[in-house]
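Q: One rule links them: number in this note's numbering = place in the sequence shown (from 1) + 262.
For glycine and all other residues, C-beta sits at the position ideal for the given N, C-alpha and C.
Encoded as C-alpha cells, here's the structure I'll be asking about.
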Amino acid sequence: MSKCGPILVLLIWSLSTSAGAQHQQSLQKSMSAAPSVSVQQLVVVDRIPTKLEQDILFASAHCDEDGNSYVRYYALGAGLHNAGKILKLSPRGEPLVTFADQIVDYSPISFFVAHDGSVFDLAAANPKPSEKKTETVETVLLVYDKDHGNLKKTVKLEPRISPFGAMAVFPSGEILISALEPQGSGPDTPFTALLDDSGKLIRRILPEYDSTIAAAYEKHDQKSKRTSESVFGTVSQGTIVIGSDGNAYLLRKTSPAVVYVISRYGEVVRTLTASPEDPTLSPLSMLESNGELAILFSKPGKVTEREIKVLSARSGDVLQTVKLRSPFGSSMTCFVPPRFTFVRVEEEKFVLYIGEPH
263 MSKCGPILVL LIWSLSTSAG AQHQQSLQKS MSAAPSVSVQ QLVVVDRIPT
313 KLEQDILFAS AHCDEDGNSY VRYYALGAGL HNAGKILKLS PRGEPLVTFA
363 DQIVDYSPIS FFVAHDGSVF DLAAANPKPS EKKTETVETV LLVYDKDHGN
413 LKKTVKLEPR ISPFGAMAVF PSGEILISAL EPQGSGPDTP FTALLDDSGK
463 LIRRILPEYD STIAAAYEKH DQKSKRTSES VFGTVSQGTI VIGSDGNAYL
513 LRKTSPAVVY VISRYGEVVR TLTASPEDPT LSPLSMLESN GELAILFSKP
563 GKVTEREIKV LSARSGDVLQ TVKLRSPFGS SMTCFVPPRF TFVRVEEEKF
613 VLYIGEPH
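Structure (C-alpha cells):
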C-alpha cells in the first residue's frame, strides 16, 4: 500500500484516549455480578476477497439487515479534498453501489447505515477562504439514494457544534447525534441531542457521563481538568446503532464500556456496562442483532489483543466472550449470531473474513 498523504479527518479519528477514568468508579458500582461465561475463540469459516483493486486506505464499516457490508475508504494520493467514498459490498464481496462519490463542499465525519440500507453521513461544511475560522462549523446530514449512491438531500443541523462523534437516524426520521460542544478557552464537553428530520433541535439529552463531565466542568476544579481531557476520545470514538427494538444504543469509549439505550423520544431508558477479560482493552465498535449487542474491545496499537463481549440488549447480561487473533482485523462490520464478519485490506483489495466462535 502506498504512503498516505495527510487526511485530517482520519488523523483525528486515529487518536487513542484512555477515557472516563473518573467516571469508571460510578459505573463499576452499578454493575451487577454476571454468571460465568466460557471464553471461545473466533475461527475463520470463510474468506471472501473482493474484485475491487485500487490504492486505498480503509477507514470504517457498517452493515444492513441483508448482510451487505458498507466500507468507507480513501483513495491514497487524493489530498485533503478526498471526502472518502462508501462502497456497498454484497455478502459475497461483490461491489454493488458507491456512495459519496462527488462530495466537495463537505468533509464527512462518520456515516450510518439503517437496517434497510439507507445511508447517511454526518459532515462538516468546508470553510470558504473568506470565512473566519471558528470553533464550531456548519454541520449537515447528507442523505444518499440507497439504490444509486448519489446525494439526495442535505439537511443542515441546527446546533453549531464540533462535529466529531457519531450519528444515527431512527426509522421515524429523528436524528440522534453525539458530538462535542466547544467551551471557549476550556475543554470541549459532550453534546448529545435529538433532532427532527429537518435538523431542528428537539431536546438535549444528558446521559450520566455527560452530566458528570458538565458538573465537573462547572466547578472549575481539578476533577474538571482531568475528566475533560478524556472527553474527545470518549465521545468522538463512540458508536450509535439502532437496535431491533427500535431504540438507539450509544456506546461511549469508557472503561468499563458504557452503553446508553435511548428511545426515539430522546429518553435514556436504561444503561448497560461491559468489561473485557483484559482490563487494558477499551471498546472500539458495537453491533446489534435480534436483541444481542456485540462490543469489540482492543488495545491501541496492538491488533493481536482483541475480544468481543456479546450482551443481552435488554438486561446487559454477558452471553458470550470471544477472543480474536489474526487474520481478523479491527473492523467488525456485520453480526448475525453466531457469525461475525470483519473487513480488512489485503494487497489493495477488501477481504471479508467470516468467523464463528468455537
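Let me confirm a value: Ser577 is counted as buried when at least 16 other C-beta atoms fall within 10 Å, else exposed. Which label applies?
A: Start at 1 with the first residue of the sequence shown, and residue 577 comes out as number 315. It is exposed - the Cβ of Ser577 has fewer than 16 other Cβ atoms within 10 Å.
Q: Tyr598 lies in the beta strand (DSSP E); which residues open and close that run?
A: Here residue 598 is taken as the residue at index 336 of the sequence shown, counted from 1. According to the sequence displayed, residue 598 carries Val and not Tyr. Unbroken beta strand (DSSP E) run through Val598: Met594 to Val598.
Q: Whose CA, out of Ala362, Asp363, Asp367 and Val333, lies closest to the CA of Leu351?
A: For the purposes of this step, residue 351 is identified with residue 89 of the sequence shown, where counting begins at 1. Of the listed residues, the one whose Cα sits closest to Leu351 is Val333.
Q: What did DSSP end up calling Phe361 once you bin it into helix, strand or coil?
A: Locating residue 361 in the sequence shown gives position 99, where the first residue counts as 1. Strand at Phe361.
Q: Candidates Ser440, Leu419, Ile423 and Glu436: which alpha carbon is nearest Met429's?
A: Counting from 1 along the sequence shown, the entry for residue 429 is found at position 167. Of Ser440, Leu419, Ile423 and Glu436, the residue nearest in Cα terms is Ser440.
Q: Quick check on the DSSP output: what are the complete beta strand (DSSP E) runs of length 3 or more inside the segment 444–473, in order along the chain?
A: 448–457 and 463–467
Q: What separation, rounded to the nearest whole angstrom, lies between the Cα atoms of Ile467 and Thr454?
A: Position 205 of the sequence shown holds residue 467. Position 192 of the sequence shown holds residue 454. Approximately 5 angstroms, taken between the alpha carbons.
Q: So what's Phe590 in DSSP terms, helix, strand or just coil?
A: Taking the sequence shown and counting its residues from 1, one reaches residue 590 at position 328. Per DSSP, reduced to three states, the secondary structure at Phe590 is coil, with no helix or strand assignment.
Q: Taking the Cβ atom as the reference point for each residue, do Thr346 and Thr312 lie within a distance shorter than 9 angstroms?
A: The residue you call residue 346 lines up with position 84 of the sequence shown. The residue you call residue 312 lines up with position 50 of the sequence shown. First, the residue type needs correcting, since residue 346 is Gly and not Thr in the sequence shown. No, these two residues do not count as a Cβ contact at 9 angstroms.
Q: Quick check on Ser498: does DSSP put it in helix, strand or coil?
A: The sequence position of residue 498 within the sequence shown is 236, counting from 1. Ser498 falls in the helix class under three-state DSSP.
Q: Do the CB positions of Ala362 and Leu413 come within less than 9 angstroms of each other?
A: Counting from 1 along the sequence shown, the entry for residue 362 is found at position 100. Counting from 1 along the sequence shown, the entry for residue 413 is found at position 151. Yes, the pair counts as a contact, with Cβ atoms nearer than the cut-off.
Q: Identify every residue that forms a DSSP beta bridge with Ala305.
A: Reading the sequence shown from its first residue, position 43 is the one you call residue 305. Correcting the residue identity first, residue 305 is Val in this sequence and not Ala. In DSSP, Val305 forms a bridge with Glu618.
Q: Ignoring anything shorter than 4 residues or poking outside the segment 514–549, list the alpha helix (DSSP H) runs there in chain order.
A: none
Q: Can you tell me whether DSSP reads Val580 as helix, strand or coil?
A: Here the question's residue 580 lines up with position 318 in the sequence shown. Residue state, collapsed to three classes: strand.
Q: Excluding sequence positions up to five away, which residues of its chain have a Cβ less than 6 angstroms from the Cβ of Glu400?
A: Here residue 400 refers to the residue found at position 138 of the sequence shown. So the list reads Ala387, once near-sequence residues are dropped.
Q: Enumerate in chain order the residues of its own chain whose CB-to-CB distance from Lys418 is below 7 angstroms, with the five nearest sequence positions on each side excluded.
A: Against the sequence shown, residue 418 aligns to sequence position 156. Counting only Cβ-Cβ distances below 7 angstroms, and skipping sequence neighbours, we find Glu400, Val402 and Gly461.
Q: Would you list the residues sitting across from Asp383 in a DSSP beta bridge?
A: Position 121 of the sequence shown holds residue 383. In DSSP, Asp383 forms a bridge with Phe373 and Leu404.
Q: Quick check on the burial criterion: 16 or more other C-beta atoms within 10 angstroms. Buried or exposed for Gly427?
A: Position 165 of the sequence shown, counted from the first residue, corresponds to residue 427. Burial call: buried.
Q: Among all the DSSP beta bridges, which residues are the ones paired with Arg354?
A: Start at 1 with the first residue of the sequence shown, and residue 354 comes out as number 92. Answer is none; Arg354 lacks a bridge partner.
Q: Skipping 5 residues on each side, what residues in its chain have a beta carbon closer than 8 angstroms to that of Lys408?
A: Within the sequence shown, numbered from 1, the residue matching residue 408 stands at position 146. Counting only Cβ-Cβ distances below 8 angstroms, and skipping sequence neighbours, we find Val359, Asp378, Gly379, Ser380 and Val381.
Q: Is DSSP giving Val493 helix, strand or coil here?
A: In the sequence shown, residue 493 corresponds to position 231, counting from 1. Helix at Val493.
Q: Need the endpoints of the beta strand (DSSP E) that Phe602 sits in, please.
A: Indexing the sequence shown from 1 puts residue 602 at position 340. Here the beta strand (DSSP E) through Phe602 covers Arg601 to Glu608.
Q: Could you name the residues that DSSP lists as bridge partners for Glu567?
A: Start at 1 with the first residue of the sequence shown, and residue 567 comes out as number 305. According to DSSP, Glu567 bridges with nothing at all.
Q: Between Ile570 and the rest of its own chain, which residues show a CB-CB distance below 6 angstroms, the 5 nearest in sequence each way excluded?
A: As a first step, residue 570 must be located in the sequence shown, where it is residue number 308. Setting aside the 5 residues that flank it on each side, Ile570 is surrounded in the same chain by Ala556, Leu558 and Val584, each with a C-beta closer than 6 angstroms to its C-beta; the list follows chain order.
Q: What distance in whole Å lies between the Cβ atoms of Leu384 and Pro425, which are believed to be in contact at a cut-off of 8 angstroms?
A: Indexing the sequence shown from 1 puts residue 425 at position 163. Indexing the sequence shown from 1 puts residue 384 at position 122. About 6 angstroms; that satisfies the 8 angstroms criterion.
Q: Report the partner residues of Leu314 according to the DSSP bridge assignment.
A: In the sequence shown, counting from the first residue as 1, residue 314 sits at position 52. Leu314 pairs with nothing; no bridge assigned.
Q: Going by other Cβ atoms of all chains shown within 10 Å of its Cβ, with 16 needed for buried, is Ile527 buried or exposed?
A: What you label residue 527 is simply residue 265 of the sequence shown in a count that begins at 1. It is Tyr, not Ile, that sits at residue 527 in the sequence shown. It is exposed - the Cβ of Tyr527 has fewer than 16 other Cβ atoms within 10 Å.
Q: Can the beta-carbon of Leu581 be found closer than 9 angstroms to that of Ile502?
A: In the sequence shown, the residue the question calls residue 581 occupies position 319. In the sequence shown, the residue the question calls residue 502 occupies position 240. Not in contact: Leu581 and Ile502 (Cβ atoms no closer than 9 angstroms).
Q: From the DSSP output, which residues share a beta bridge with Ala556?
A: Taking the sequence shown and counting its residues from 1, one reaches residue 556 at position 294. Beta-bridge annotation (DSSP): Ala556 is paired with Leu549 and Val572.
Q: Under 8 angstroms by Cβ, that's how I've got Leu456 and Val497 pegged, so tell me the actual separation to the nearest angstrom.
A: Within the sequence shown, residue 456 is the residue found at index 194, counting from 1. Within the sequence shown, residue 497 is the residue found at index 235, counting from 1. That pair is no contact at about 16 angstroms.
Q: Can you have a look at Gln290 and say buried or exposed, based on whether 16 or more other CB atoms are within 10 angstroms of its CB?
A: Indexing the sequence shown from 1 puts residue 290 at position 28. Residue placement at Gln290 is poorly supported in this model, since its pLDDT is 41, which falls under 50; the coordinates still yield a value, given next. Gln290 comes out exposed.
Q: Name, in chain order, the residues that DSSP records as bridge partners for His324.
A: Numbered from 1 along the sequence shown, position 62 holds the residue referred to as residue 324. Answer is Tyr332, bridged to His324.
Q: Between the Cα of Gly432 and the Cα atoms of Phe374, Arg587 and Thr451, which residue gives the shortest distance?
A: Position 170 of the sequence shown, counting from 1, holds the residue named residue 432. Before going on, a small fix: residue 432 reads as Phe here, not Gly. With distances taken between Cα atoms, Phe432 lies closest to Phe374.
Q: Going by beta-carbon coordinates alone, are Leu304 and Phe612 separated by less than 9 angstroms?
A: Within the sequence shown, residue 304 is the residue found at index 42, counting from 1. Within the sequence shown, residue 612 is the residue found at index 350, counting from 1. Cβ atoms of Leu304 and Phe612: not closer than 9 angstroms.
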